[in-house]
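In my numbering, the protein residues as written are 420 to 846.
The beta-carbon is built from N, C-alpha and C at its ideal position, and this holds for glycine as well.
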């Protein structure tokens, strides 16, 4: 009887096998986890170690897609067709890591259907190491299409790398979105040579451009943008809180306190006044904040401001209480962001008042505080290294104010990059 020929796989065939369901899972999980991580960058419950843990999970799935080669790319395309949330981030990360021009063009095309998807692509470029994206970003900065230049410019800014002549060109571009992003980058990069052009943009016809001009000019150490920032801060809207934070942290202390009192006296601005009190950080206002904790519309923001000044962790110290009934206050528009406020603890005014009575002697009235310590470079650096995201954001602005040449840390950057920067500053 003739022997049958054995069947099997050659070694090269075995190594080329791809588990398609697993690869599709990588694509779906990379998209989902990146969205979770993106939300965490503005969440008051997250600190740098928490971001690092999320980053490791995102990176694991991106690595799985990269190892899968063309199958990984196909899985990302399929994920985009199932639903866009986070899929463009995964698509962009895989495309630009592979350096495949057709994939990069496809990722750019997929991102252009909405500003949110464009932000995902920019986030993907900011996620990858600089050496991986430097060459394609150079091509984008020289592109004819404004949206491609926008992607290149924004990604460079998030990497804290100067985009060269493209920045100057973008400051005079006809496209208002590109122009506004360039103005923002001038502050993020502390590019003092652009100060005169940023100052000229305070009268730009685009509101977004005017805001970022005022914001960046303040980061560049010029006071010219502060009056416009104060106007933005007094008008509830998308720029009110970032304007408030930048303005009050750079105004002279007496002027900042008077601005808070002015907000508190005006109808409809009570919530802004509470947020502003935490920004100024003067313990003299703590009793006023505790009174605000009995208002459903103000309680959680007041607790957050109290924590910003004193460093008290309401949950850890058992200073929380039940949620207060919604009073239907028309002034309760969520200025800090719906997810942000929903993530805050409900303080117990009684328990907080008792804690304050026991600890108030530690806090000097008239001295600005952050996370329970008098505000200086050391306490700001400590908050940046160990604080949760809102305190870290405050610390970045304070360190920029105290150190004119310091390039602000990007708090949305991968944790590994942030940790390297922190180690270089503290070693």
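Here the alpha carbons of residue 505 and residue 539 stand approximately 7 Å from one another. Within the DSSP secondary-structure output, residue 788 pairs in a beta bridge with 793. For the pair residue 838 and residue 817, the CB atoms are not nearer than the 8 Å cut-off.
Residue burial is scored here from C-beta neighbours: residue 669 has at least 16 other C-beta atoms within 10 angstroms and is therefore classed as buried. With 16 or more other Cβ atoms from the protein chains shown falling within 10 Å of its own Cβ, residue 569 counts as buried. Residue 584 sits away from residue 807, with the two beta carbons spaced by 8 Å or more. Here the alpha carbon of residue 693 sits roughly 23 Å from the alpha carbon of residue 637.
Taking the Cα of residue 736 as reference, the smallest distance to any Cα among 656, 764, 789 is reached at 764. Beta-bridge annotation (DSSP): residue 739 is paired with 766. Setting aside the 5 residues that flank it on each side, residue 745 is surrounded in the same chain by 715, each with a C-beta closer than 7 Å to its C-beta; the list follows chain order. Cβ-Cβ distances below 7 Å link residue 833 to 474, 546 in the same chain, with the five nearest sequence neighbours on each side left out; the list follows chain order.
Note that the C-beta distance between residue 599 and residue 625 is below 8 Å.
With 16 or more other Cβ atoms from the protein chains shown falling within 10 Å of its own Cβ, residue 487 counts as buried.
Take the alpha-carbon of residue 780 and the one of residue 659: they are about 33 Å apart.
By the CB criterion at 8 Å, residue 485 and residue 513 fall inside the cutoff.
The three-state reading of DSSP puts residue 518 in coil, since its state is none of H, G, I, E or B. With fewer than 16 other Cβ atoms inside 10 Å of its own Cβ, residue 500 counts as exposed. Counting of Cβ neighbours within 10 angstroms places residue 696 among the buried residues, the total reaching 16 or more. Per DSSP, residue 561 lies in no alpha helix (DSSP H) segment and is marked neither H nor E. Note on residue 826: under 16 other CB atoms within 10 angstroms of its CB, so exposed under the neighbour-count rule.
Each residue's CA atom was taken as its position, placing residue 466 and residue 805 some 7 Å apart.
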